[in-house]
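Numbering (this note's numbering), first residue to last: 4 to 391.
Positions of the beta carbon are idealized from the N, C-alpha and C atoms, including for glycine.
A short worksheet on the structure shown next.
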């Protein structure tokens with residue numbers, strides 16, 4: 004007969020650590036950047052950009068296209084459009100002798116050139132038309148001419164302003180219904196105005212011509228920015244539905260939401276910006292000017308600024324508005340008290356002395372080998388009491 008023998012377990016082969024993606028670590032909260040806590044820095048960046056945009060608008064102003072300011076437009080067919088075609092026609096028109104023409108030259112397709120000038124009287128129109136025909140190697144009768152009045156440009160401007168106002172009103176109304184929170188609608192509108200001011204300011208700074216294509220691009224990027232903001236706000240609403248259950252404040256839950264959608268927003272923006280960058284490059288450096296250049300710049304700037312505002316402006320602003328509510332402040336105090344209790348409990352556990360152990364030595368009568376094992380004192384006592 005022998006006492007119970009305690010065998011050492013065979014050590015298991017350590018498993019290789021599973022590689023976890025950066026996006027998954029952001030989603031689970033393993034890593035997180037405090038966007039809300041550092042919001043003042045983002046506000047300062049946006050304030051500088053808005054200030055530069057406003058100064059550019061006041062000092063340089065917008066270079067309005069012929070559709071808005073009125074003027075004369077000439078189009079002519081050419082045998083071959085080369086890299087010097089635009090400069091050649093611009094020089095020919097300027098050398099015609101008509102003063103202060105304010106010439107803009109662009110290509111239409113692969114075989115036509117468009118020349119825009121200020122409004123011309125009959126004699127000036129004939130002179131410029133002949134200069135264009137001579138450069139194109141054709142007759143003046145084959146140069147198409149169109150006079151665009153300033154009143155038509157004012158009408159286009161008025162319609163564009165009405166469309167923008169209606170768009171913003173509908174955005175506020177629909178977001179208020181969807182989220183049932185006017186503070187989300189207000190934050191989204193502030194982000195949209197932020198995007199619009201910076202985009203228009205960059206147009207004034209760069210000097211690109213504002214055309215109907217520019218307005219199309221501007222309304223498009225407002226829709227894109229709104230979509231990105233709605234995605235972030237939807238995640239914020241999901242994570243803040245039961246704050247007591249998640250044991251976090253509104254600011255913490257909102258910041259976690261931004262981290263969760265961060266990679267998605269970056270990927271969406273990069274994928275959208277790449278083809279827009281190609282359009283902008285083609286319009287600015289290959290074609291020289293035209294609708295591609297106008298709409299390309301609006302989309303390129305607007306999509307980047309829209310993604311920025313959704314993460315760095317809209318969500319922090321919403322958080323500050325919500326954290327000012329008495330209910331949210333009380334909830335934050337409850338979270339702080341709960342964490343204080345947990346911290347005290349953990350400190351008490353760490354400060355408690357280690358549980359003493361009792362060493363038991365057993366000997367096998369058949370082999371003569373002895374084995375030792377350790378167990379808590381209480382367990383050893385209970386066994387002695389039970390055996391007696």
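**Request:** Alpha carbon to alpha carbon, how far is residue 106 from residue 151? Give it in angstroms, no decimals.
**Result:** About 15 Å.
In three-state terms, what does DSSP make of residue 38? If DSSP states are grouped into helix, strand and coil, residue 38 belongs with coil.
CA-to-CA distance, residue 40 to residue 258, given in whole angstroms: Going by the C-alpha atoms only, they are around 8 Å apart.
#### Entry: Identity of the residues DSSP links to residue 108 by a beta bridge
In DSSP, residue 108 forms a bridge with 118.
Per DSSP, the bridge partner or partners of residue 74:
BP columns for residue 74 point to 151.
task: Give me whichever residues DSSP pairs with residue 213 in a beta bridge.
output: 67.
* To do: Can you check DSSP and say which residues form a bridge with residue 79?
  => Paired residue(s): 116.
Check your understanding: Excluding five sequence neighbours on each side, which residues of the same chain lie with their C-beta closer than 8 Å to the C-beta of residue 11?
Key -> Residue confidence is low: residue 11 scores 49 on pLDDT, short of 50, so the model does not pin down where it sits. No coordinate-derived value is stated.
**Cβ neighbour criterion (16 or more within 10 Å) applied to residue 85** = Exposed, by the Cβ-count rule.
If residue 299 sits next to residue 282, beta carbons under 8 Å apart, how far is it from one beta carbon to the other, in whole angstroms?
So it is a contact: roughly 4 Å between Cβ atoms.
Worksheet item: Can you name the start and end residues of the alpha helix (DSSP H) that residue 340 belongs to?
Response: Run containing residue 340: 329–354, per the alpha helix (DSSP H) assignment.
* Taking all protein chains shown into account, decide if residue 154 is buried (16 or more other Cβ within 10 angstroms of its Cβ) or exposed. => Exposed, by the Cβ-count rule.
When we look at the beta-carbon of residue 246 and count the other beta-carbons within 10 Å, is it buried (16 or more) or exposed?
So residue 246 counts as buried.
* Asked: When you compare each of 182, 108, 79 and 285 to residue 90 by their alpha carbons, which one comes out closest?
  -> Comparing Cα-Cα distances from residue 90 to each of 182, 108, 79 and 285, the minimum goes to 108.
Among 228, 227 and 261, nearest to residue 238 - alpha-carbon criterion | It is 261.
Notebook entry, point to check: DSSP on residue 269, reduced to helix/strand/coil?
Noted result: Helix at residue 269.
* Asked: Just how far apart, CA to CA, sit residue 211 and residue 123?
  -> Straight across, the Cα-Cα distance linking residue 211 with residue 123 is about 23 Å.
*Inspect the beta-carbon positions of residue 224 and residue 301 and report whether they are closer than 9 Å.*
Yes.
- Are there 16 or more other CB atoms within 10 angstroms of the CB of residue 229, so buried, or fewer, so exposed? It counts as buried.
Check your understanding: Straight-line CA distance for residue 99 to residue 76?
Key -> Roughly 16 Å separates the two Cα atoms.
Spatial neighbours of residue 335 in its chain, beta-carbon cut-off 7 Å, leaving aside the 5 residues before and after
Within the same chain, residue 335 has close Cβ partners 252.
| How is residue 85 classed by DSSP in three states: helix, strand or coil? | Coil.
* **Where residue 223 sits in the DSSP three-state scheme** => In the structure shown, residue 223 sits in a helix (DSSP, three-state: H, G or I).
Checklist entry - Can you give the Cα-Cα distance for residue 69 and residue 120, rounded to whole angstroms? => result Distance between the alpha carbons of residue 69 and residue 120: 8 Å.
Can you find the residues in the same chain that come closer than 8 Å, C-beta to C-beta, to residue 200, ignoring five residues on each side of it along the sequence?
Within the same chain, 53, 56 and 57 come within 8 Å of residue 200 by CB-CB distance, once the 5 residues on both sides are set aside.
Query raised in the report: Taking the alpha carbon of residue 280 as the point to measure from, which residue in 307, 268 and 65 has its own alpha carbon closest?
Result: When only C-alpha atoms are compared, the closest one is 307.
Item checked: Backbone CA spacing between residue 184 and residue 173 [nearest angstrom] -> Straight-line Cα distance between these residues: approximately 15 Å.
Determine the closest residue to residue 49 out of 235, 72, 313 and 346, with distance taken between C-alpha atoms. Residue 49 has its Cα closest to that of 313, out of 235, 72, 313 and 346.
Close-in-space but distant-in-sequence residues of the same chain around residue 320 (CB under 7 Å, 5 per side omitted): Annotation for residue 320: 190 and 193 place their beta carbon closer than 7 Å to its own, counting only its chain and skipping 5 residues before and after.
* State the start and end residues of the unbroken alpha helix (DSSP H) segment that holds residue 125. => Where residue 125 is concerned, the enclosing alpha helix (DSSP H) stretches over 125–139.
Practice task
State the start and end residues of the unbroken alpha helix (DSSP H) segment that holds residue 325.
Solution key: Per DSSP, the continuous alpha helix (DSSP H) segment holding residue 325 begins and ends at 318–326.
Check: Does DSSP put residue 93 in a helix, in a strand, or in coil?
Finding: Helix.
- prompt: Taking all protein chains shown into account, do 16 or more other C-beta atoms lie within 10 angstroms of the C-beta of residue 5, making it buried, or fewer, making it exposed?
  reply: Low confidence applies here, because residue 5 scores a pLDDT of 47, under 50, leaving its location unreliable and the question unanswered by this model.
Got a sec? Which residues, its chain only, sit under 6 Å from residue 67 by beta carbon, not counting five neighbours each side?
Excluding five sequence positions before and after residue 67, the CB atoms of its chain that fall closer than 6 Å to its own CB belong to 213, given in chain order.
Original post:
Buried or exposed: residue 233, going by 16 or more other Cβ atoms within 10 Å of its Cβ?
Top reply: So residue 233 ends up on the buried side.
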